[in-house]
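Please read the structure below before turning to the comments.
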Amino acid sequence: MDSEQFFNINKGDAFKKIVPEKIKGNIVAARLSGKLYDLSDSAPEEGKVELIEINSPEGEKILLHSAAHLLANAIVDLYPDSLPNTSNESEDTFYYDFNMKPISTEDFPAIEEKMQELAHDDISIQRKILPKAEILKEFRHNKYKLDKINENVPDGKESSIYIQGNYIEFCKGPHVPSTGYIKAFKLLSISSTNYEGDINKDKMIRIYGTAFPDRKQLKAFMLRREEAMKRDHRKIGQEMDLFTFDNERAPGMPFYTPNGAIIRNELINYMKELNARSGWEEVWT
1384 MDSEQFFNIN KGDAFKKIVP EKIKGNIVAA RLSGKLYDLS DSAPEEGKVE
1434 LIEINSPEGE KILLHSAAHL LANAIVDLYP DSLPNTSNES EDTFYYDFNM
1484 KPISTEDFPA IEEKMQELAH DDISIQRKIL PKAEILKEFR HNKYKLDKIN
1534 ENVPDGKESS IYIQGNYIEF CKGPHVPSTG YIKAFKLLSI SSTNYEGDIN
1584 KDKMIRIYGT AFPDRKQLKA FMLRREEAMK RDHRKIGQEM DLFTFDNERA
1634 PGMPFYTPNG AIIRNELINY MKELNARSGW EEVWT
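Per the working numbering, numbering of the sequence shown is gapless, rising by one per residue and ending at 1668.
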């Protein structure tokens, strides 16, 4: 990062006050003494601040995290009975889990339209510190959030929530300053899962998406993804009638067709020959 991205700050000053106007739209967070802060936060001490650009690795992660919450905001608006659970981000994508009525990728255009509407409104994203008891009261109608609060906040302590218009999220942050920073995003896929990964617990719908600082980067990602999908062995294998999938009976488990079974058995026989030549004995567990 360029040296011009470092600025001095006094204790109690808001980080957003030290962001130069010419780079304001590119800055999403601040780092002081090794800790990341929202731009709306006040500095707990004086020191030298590093401003986090939206195009930096940390800035892109903050953008993905904020886009996941934008998705949750849209889902709650469109499906009032839905219960958001939790989100996560990887290098280029995010997902959010919901307990809600079944939907499919055919519903994505309407959800994306709602997300675009919320982004266009440039809703301020505000962090608020509350006692645990008040946070529990705020999320009293969402049992999944109550679990997260009780797991992460000791009794008598405080934690943070984020207020985004009519949507409230239990989260440590940081987030982009407003929904208007989330300019280029796309919902990618949907799958089923269970609460806390436990097959005996509630069913969840997991929605995957991505977000980038601009549409050019989003377009490049989608092109790379399209090319990768063309080479996906799961797609090629089904096109060659070697196996199929049944996500209702066994998600992620291939069911070999007669053609696929022939190839599978030939590979097993070849492996047995190689083991025999090398003097290896087989065991089963």
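Ideal placement from N, C-alpha and C gives every residue a C-beta, glycine not left out. Predicted model only: the values in this text are computed from it and were never measured.
Excluding the 5 residues flanking it on each side, V1559 has same chain C-beta neighbours closer than 7 Å at V1411, I1445, L1446, S1449, I1508, I1565, in chain order. Counting along the chain, no alpha helix (DSSP H) covers V1411; the unbroken beta strand (DSSP E) around it starts and ends at 1410-1415.
N1652 carries a helical assignment under DSSP once its states are collapsed to helix, strand and coil. Taken through DSSP and simplified to helix, strand or coil, V1459 comes out as helix. Where L1529 is concerned, there is no enclosing beta strand (DSSP E), although the alpha helix (DSSP H) around it starts and stops at 1526-1535.
Spanning the alpha carbons of K1511 and I1532 requires a straight line of approximately 15 Å. Going by beta carbons, G1592 and F1477 fall inside the 7 Å limit. In the pairwise beta carbon analysis, the region 1426-1445 is classified as not touching the region 1521-1529: fewer than three pairs are separated by under 8 Å.
In the structure shown, the three-state DSSP call for E1436 is strand.
Counted as a single uninterrupted DSSP element, the stretch harbouring K1400 is not any alpha helix (DSSP H), since DSSP gives it neither H nor E. The beta-carbon separation of L1501 and L1453, rounded to 6 Å, stays under the 8 Å limit for a contact.
Judged by beta-carbon spacing, F1481 lies within the 7 Å limit of I1588, meaning their Cβ atoms are closer than that value.
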